[in-house]
Amino acid sequence: MPIRVLGGEMVVAPLLLRGAVVLGTPLALTFTLSARREWNPFLGSPQSHFYLVSVLALLALAVAFAAAWVTVSARDVRLSLLTVGFLGIGAIMAVHGLATPGFLVHHGYLGITAASAYFAHLVGSWMLWLSTVGLPRGASEWLERRLWLLLAVAVALLGGYAGLALGAPDVFQSLPVAGRPGSDAFTWAMLAVNVVLLTMVVVQAAISHSLSRAPLPAAIGAAALLLLASQVTLQVAEPWTLAWWLYHVYLLLGLGAVVRAVATEYLGGKPLAQIFRQLSYEDVLAQVCQGLSDSVLALAAAAEARDRYTFEHVTRVAELSVLIGQAMGLPRLRLKALAQGAMLHDVGKLYISDLVLQKPDKLTVTVTRTVGDFLRRGGWALSLKGPCGAEPIRPPSGGAGGRPPPGRPRT
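As structure tokens, this is what we get:
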């Protein structure tokens with residue numbers, strides 16, 4: 032089921048298929064193991080749990096520190112919220128690992144371990160959602176000047192949580208988790224809220240990936256789906272069974288997808304600021320420029336090599352088109368179509384002689400007809416290159432040879 036846009040098409044079916052595989056495979060494995068006890072053995076290994084969760088926490092903190100490095104210089108509020116999300120997952124899961132029964136706390140204090148697992152999913156879901164939808168304009172402008180305060184408060188709160196959880200574990204024993212009274216209602220309600228939040232994150236990430244073709248939005252979408260699969264598994268699996276262990280693995284895979292995307296781009300020569308800018312949902316123009324199809328980029332490069340003035344002209348038209356489209360409230364995929372149409376509107380000039388384009392004197396009748404014929408030549412070029420995913424607009428029949436049809440003014 033394709034949605035056609037100029038410069039290509041956002042094919043919905045492959046995106047839905049990928050999402051179904053990323054989410055459906057873990058869930059199918061979880062429910063299959065939970066339904067067949069002979070396939071779902073009890074694996075009570077506190078030491079393995081500690082090391083697995085420690086690796087998971089370190090991955091989340093690595094992403095958080097990389098994003099924080101960019102946040103401070105870029106002054107990006109949404110990126111700072113994403114930073115807090117990964118920081119929260121890493122710090123709270125570190126507490127979850129340290130609170131493994133038999134390490135730093137007594138075997139009877141299971142409330143900390145269970146609560147930390149749920150809180151890590153909760154903080155991650157909410158921060159991913161906030162980084163996607165953004166804050167109200169007033170709050171965003173106020174926070175933009177105080178990003179250091181947001182990060183400092185987040186670190187202080189997470190540090191306080193860790194100190195309280197490990198220093199006074201009895202405080203968490205009354206929380207409605209781990210079979211305590213009201214735990215089913217509390218944890219299922221938390222899961223329902225997170226399903227809504229993470230679904231919105233996945234949809235926004237899919238649109239951004241289709242718009243920019245950048246890998247990081249796709250990785251964030253995959254991480255959100257795996258975070259959702261992880262929480263469902265945490266909710267339905269019996270503790271210490273094989274299915275229960277899988278929720279850690281799903282969370283690890285989600286974080287690994289983000290780390291892999293960032294590392295691949297960074298090792299490919301891109302600075303961290305440019306990599307994380309892929310998640311700047313407000314900078315539609317940057318996403319559009321990054322997501323131009325190869326055919327459009329080839330034609331734009333040819334225009335730049337042939338005539339610098341024409342290239343700068345179509346670039347300005349594309350930028351203004353996106354700004355006007357944003358003011359009109361057009362959806363982002365329509366903005367991509369608008370920008371690529373603007374980039375191609377003068378493509379016919381590639382087939383006009385330099386002697387004509389740069390002629391300093393008045394144009395003769397013959398030369399005028401040649402220049403006026405660039406619409407037909409542009410339509411032919413687009414049909415040949417096929418970058419539009421749609422039939423190019425042809426000049427009216429009355430305008431052949433550069434003459435406007437009856438009733439139209441000369442330009």
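To get the numbering used here, take the position in the sequence shown, counting from 1, and add 31.
Cβ atoms here follow ideal geometry from the backbone N, Cα and C, with glycine treated the same way.
Since the model is a prediction, treat every value here as computed from it, not as a measurement.
Whole-angstrom distance between residue j and residue i, CA atom to CA atom
i	j	result
Gly142	Trp271	15 angstroms
Gln262	Arg106	32 angstroms
Gly194	Ala130	12 angstroms
Gly417	Met374	Annotation note: pLDDT 46 at Gly417 (below 50); position unreliable, coordinate value reported separately. Distance between the alpha carbons of Gly417 and Met374: 14 angstroms.
Asp201	Gly356	57 angstroms
Pro57	Leu182	33 angstroms
Gly299	Ala97	16 angstroms
Ser352	Arg339	20 angstroms
Ala51	Met124	27 angstroms
Ala253	Leu180	30 angstroms
Phe81	Thr144	11 angstroms
Ser76	Gly133	10 angstroms
Ala358	Pro248	24 angstroms
Phe217	Gly119	20 angstroms
Gly447	Gly191	Summary: the structure shown does not reach residue 447, with the chain confined to residues 32 through 442, and so no result is reported for it.
Gln78	Ala274	18 angstroms
Ala209	Leu277	18 angstroms
Leu90	Val289	9 angstroms
Ala368	Ala187	45 angstroms
Gly55	Arg49	10 angstroms
Ser239	Val101	20 angstroms
Gly169	Lys393	55 angstroms
Pro302	Trp219	41 angstroms
Glu296	Arg211	46 angstroms
Ala99	Leu110	8 angstroms
Gly360	Val53	32 angstroms
Thr114	Arg365	30 angstroms
Ile306	Leu166	22 angstroms
Reduced DSSP category for residue i - H, G, I as helix; E, B as strand; rest coil
i	result
Thr144	helix
Arg49	helix
Thr56	helix
Thr272	strand
Ala44	helix
Contact check, residue i vs residue j, beta carbons under 8 angstroms
i	j	result
Leu64	Asn71	yes
Gly116	Ser162	yes
Val84	Leu197	no
Leu228	Leu257	no
Val226	Leu259	yes
Ala292	Pro246	yes
Lys189	Met158	Looking at the sequence shown, residue 189 is not Lys but Leu. In this structure, Met158 does not lie closer than 8 angstroms to Leu189 by Cβ.
Met27	Leu153	There is simply no residue 27 to check, as the chain begins at 32 and stops at 442 in what is shown.
Gly128	Ala88	yes
Ala255	Val233	yes
Leu206	Ala151	no
Exposure label - residue i; buried when at least 16 CB within 10 Å
i	result
Trp173	exposed
Leu354	exposed
Glu27	In the structure as shown, the chain starts at 32 and stops at 442, and residue 27 therefore has no counterpart that could be examined.
Gln235	buried
Glu269	exposed
Ala44	exposed
Phe203	buried
Leu47	exposed
Phe73	exposed
Glu343	exposed
Trp345	Note on identity: in this sequence residue 345 is Val, with Trp being the wrong assignment. Its Cβ being crowded by 16 or more others within 10 Å, Val345 is buried.
Val184	exposed
Residue from the options with nearest C-alpha to residue i
i	options	result
Arg308	Ser243, Gly287, His80, Ala253	Ser243
Gly177	Gly213, Asp215, Val108	According to the sequence provided, residue 177 is Arg. The question's Gly does not apply to it. Checked all of Gly213, Asp215, Val108; the closest Cα to Arg177 is Val108.
Val86	Ala122, Lys301, Gly155	Ala122
Val450	Leu361, Ala304, Ala91	The chain is shown only over 32 to 442; residue 450 falls outside these bounds and no answer can be derived.
Ala294	Val53, Gln78, Val94	Val94
Ala370	Leu361, Pro362, Glu350, Gly360	Glu350
Gly287	Leu310, Ile238, Ala250	Ala250
Trp160	Leu310, Pro207, Arg347	Leu310
Leu282	His240, Leu206, Tyr149, Phe62	Tyr149
Phe62	Val345, Gly155, Thr264	Thr264
Gly155	Gly360, Pro302, Val53, Leu92	Leu92
Val348	Leu361, Arg365, Gly372, Pro362	Gly372
Asp215	Glu175, Gln266, Gly165, Ile306	Gln266
Ser241	Pro362, Glu296, Glu175, Tyr297	Pro362
Residue i at chain B interface by Cβ criterion, 8 angstroms
i	result
Ile355	Protein chain content of the structure displayed is limited to a single chain, and chain B is not contained in it.
Proximity test, residue i beta-carbon vs the ligand ZN heavy atom, cut-off 7 angstroms
i	result
Val232	Ligands in the displayed structure: none, and consequently the ligand ZN is not present.
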